[in-house]
Structure formats: structure tokens, C-alpha cells
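This report refers to the structure that appears directly beneath it.
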Amino acid sequence: MSKITIAIDGFSSTGKSTVARQLANALEYIYVDSGAMYRAVTLYAIRNKLYDEKDPGLQRLVAQLPEIHLSFVFDPRLGYSEILMNGENVDKEIRRMEVSDRVSQVAVIREIREKLVDIQRDIGKDKGIVMDGRDIGTVVFPDAELKIFITASPDVRARRRYEELLGRGEKVNYEEVLRNIRERDYIDSHREFSPLKKAEDAVEIDNSELDIGEQFDKVLRLAKETIEQSL
Ligand code: DC
952 MSKITIAIDG
962 FSSTGKSTVA
972 RQLANALEYI
982 YVDSGAMYRA
992 VTLYAIRNKL
1002 YDEKDPGLQR
1012 LVAQLPEIHL
1022 SFVFDPRLGY
1032 SEILMNGENV
1042 DKEIRRMEVS
1052 DRVSQVAVIR
1062 EIREKLVDIQ
1072 RDIGKDKGIV
1082 MDGRDIGTVV
1092 FPDAELKIFI
1102 TASPDVRARR
1112 RYEELLGRGE
1122 KVNYEEVLRN
1132 IRERDYIDSH
1142 REFSPLKKAE
1152 DAVEIDNSEL
1162 DIGEQFDKVL
1172 RLAKETIEQS
1182 L
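Numbering (this note's numbering), first residue to last: 952 to 1182.
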């Protein structure tokens, strides 16, 4: 059967990665969480103390980009891949609030985006991939056969994120999570390079009122139709 490229974009905490993983498993495609790559670079900057008020463009981080090697390793027990930074599995650590608070600042930098987009295109060159992020349908794979743009209200997303963080044992407060979501929405959609926006040919799904199963059925149907049409 012919393989296609599926791009899933949308605001943070819309559940993109859940549906992207489900889809990749059902189709036996590779799943790539592009946000994990921006998060890993952010973690590198935090660990190496590269944040500095006198260096808002993070030029020290940009200079160290060649030292940062990112890859994904599939865990059969989990059924998806986790990200490695210089060989270390950092998949859990990159989801912490400390990283969430700073990642948008890293994602505005052109040199970082260029490096990560190159890696993303290379991973997807043989198709058979589901990738989620902010600019997958617009910049990384503008020719993707299926593009999906997922939205949900900020309150619904903050509630989901809050519960997820609590479940992982992080001490968070709901207002703080909501503030982080609104702030990232603003930065992600107003940045100069590759701002978050719906590709013209993307199918928009608002999942505020959908449960995970309903959303998956919808997306799987779209994927199967697109695969058939591309035969
Ligand atoms: O999907 P996420 O919340 O893990 O993404 C983390 C951050 O990375 C988000 O604030 C925006 C940025 N990002 C991006 O700019 N481009 C992508 N393709 C994926 C994520």
C-alpha cells in the first residue's frame, strides 16, 4: 500500500500527540513529536546555563548547536518513540514546566528552526510518517498529502495539561498552566519565522467537545480516504 505524509499542527495541549501516535500505530507509520526537539534544545540551554538577559537572541546556544545531537528511539513497551539528546533519554524531563516556560523563546530562533527542520525532513523523506508540531503542514512538509489542524479552547487545554502534570506528580497551579498556554499561543502564532497558522489545505478539527475515541475515528477515516485517493 502506498504511504503518505501526515502533518498534524495546532496550539499546545490540544492532544495532537495523542492522536498522532494513535494514527501512526494504526497505519504502522513512524511518529515524530517535533515539539520534543524544541524542548530538548531548551533543556540543553537550561542545563548549560545559556539563558542570559544580556543575550536575548541566545547566541551562545546557537553557537553550540553543532554539539546537540537529537534522535528518537522506539520503545516497544510504550508503543512510541522517545527523544534522545546526545544519547540520553530526556523524554520525561523535557515535559517539565521549567522547559515549557522557556521553549517558545528557543523556537523563535531562525538557526534553531533551520537545524530542526532539516532533521525532520530527513526523518520523513521516505513518507509513512505522522509528525506533529506547529509548522509541519506549512513549512516542514508543505506537500504532505494529509494536513490536520487541531484546535480547542484555552480553558479545555489548560485543564487537560493541569491534570496531566498533576498525574506526573508536579506541583502546579491551574492559573499558572493557563497563563503558560495563553503566552505560548501568542508567541507561537506571532513569531517572525514559521508562525503557527493553519495551512490553507488543512482540515480543521476543534476537539473541545470530542473525546479521544471520537477524534481518532475522525482522523483515521480521513487518513484512509487520503491513502486510497493517492493510490
Ligand atoms: O508541542 P509542544 O508543546 O511540545 O511544543 C513545544 C514548543 O515548541 C511550542 O511552544 C512551540 C514549539 N514548536 C515549534 O515552534 N514548532 C514545532 N514544529 C513544534 C513545536
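Backbone N, C-alpha and C fix where the C-beta goes; we use that ideal spot for every residue, glycine too.
The alpha helix (DSSP H) enclosing residue i, as first and last residue numbers
{"i": "V1170", "result": "I1163 to Q1180"}
{"i": "G1118", "result": "P1105 to G1118"}
{"i": "L974", "result": "K967 to L978"}
{"i": "L1129", "result": "Y1125 to H1141"}
Distance CB(residue i)-CB(residue j) smaller than 8 angstroms
{"i": "A975", "j": "I981", "result": "yes"}
{"i": "A1095", "j": "A958", "result": "yes"}
{"i": "G961", "j": "T1102", "result": "yes"}
{"i": "Q1071", "j": "S1181", "result": "no"}
{"i": "V1057", "j": "L1009", "result": "yes"}
{"i": "V1128", "j": "R1112", "result": "yes"}
{"i": "M1048", "j": "Y995", "result": "no"}
Neighbour-count burial assignment, residue i, 16 or more Cβ in a 10 Å radius
{"i": "G1118", "result": "exposed"}
{"i": "L1029", "result": "exposed"}
{"i": "F1025", "result": "exposed"}
Rounded distance between the beta-carbons of residue j and residue i, thought under 8 angstroms
{"i": "I997", "j": "R1053", "result": "7 angstroms"}
{"i": "I1156", "j": "K1078", "result": "Between K1078 and I1156 the Cβ distance is about 22 angstroms, and since that is not below 8 angstroms, they are no contact."}
{"i": "S953", "j": "D1083", "result": "Not confirmed; about 22 angstroms, so no contact."}
{"i": "A991", "j": "V1081", "result": "Incorrect: roughly 19 angstroms between the Cβ atoms, too far for contact."}
{"i": "R1061", "j": "F1144", "result": "5 angstroms"}
{"i": "V1059", "j": "R1142", "result": "4 angstroms"}
DSSP-derived helix/strand/coil call for residue i
{"i": "I1156", "result": "strand"}
{"i": "L1029", "result": "coil"}
{"i": "I1060", "result": "coil"}
{"i": "D1006", "result": "coil"}
{"i": "E1151", "result": "coil"}
{"i": "A958", "result": "strand"}
First and last residue of the uninterrupted beta strand (DSSP E) at residue i
{"i": "V983", "result": "I981 to D984"}
{"i": "D1083", "result": "I1080 to G1084"}
{"i": "K1098", "result": "L1097 to T1102"}
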